[in-house]
Amino acid sequence: MANLIDLEEYYMEMYSTASGYWRENGHRQTKTVRDIAKRHFNDITKMANEGLSFADEQVRSVLRQICLMIDGIAPSTAWFPRLMPVVE
C-alpha cells in the first residue's frame, strides 16, 4: 500500500506544480490553449468532486495531458517531473 500512497503523493505534487505554473504563465498562451487547459483542470476538479483521487488512472491521465501540454509550451522551464516515477 505504501507504493500507492507514494504514487498518489507524486501526482498531487505534480498537479500542484502544474497548476502553479499555469496560474503564473497561462495568460501568455493563445485562447485555444487556455481553453484546453481550463477544460483539463475543470475535468480534474469534477472528478475530485465525484470522489476520485490521483490513485485513479482516469485522473492521472488528465493530469498527464496537462503536463505534456505545459511541457510542449515551455520545455526549457525544467519544472516538468518525470511522468512515470519509479516507486519502490
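Using the numbering used here, the first residue of the sequence shown is number 275, and each one after it goes up by one.
All C-beta atoms in this analysis are idealised placements derived from N, C-alpha and C, irrespective of residue type, glycine included.
Just so you know, these numbers come straight off a predicted model, no measurement behind them.
Report task. Could you check the C-alpha separation between R308 and Q332 for me, to the nearest Å? Result -> 21 angstroms
**Report entry** Distance between I310 and N316 (C-alpha atoms, nearest Å)
**Finding:** 10 angstroms
Query raised in the report: Which value, in whole angstroms, describes the spacing of the CA atoms of L337 and D280?
Result: 16 angstroms
Query raised in the report: If you draw a straight line from the C-alpha of L326 to the C-alpha of I347, how long is it?
Result: 28 angstroms
**Report entry** Simplified DSSP assignment, three categories, for A276
**Finding:** Residue confidence for A276 is low, a pLDDT of 48 falling below 50, so the modelled location carries little weight; the figure read from the coordinates is stated next. Helix, per DSSP.
Requested in this report: Can you tell me which of the three DSSP states W291 falls into?
Outcome: Reading off the sequence shown, one finds Thr at residue 291, where the question assumed Trp. Three-state DSSP puts T291 in a helix.
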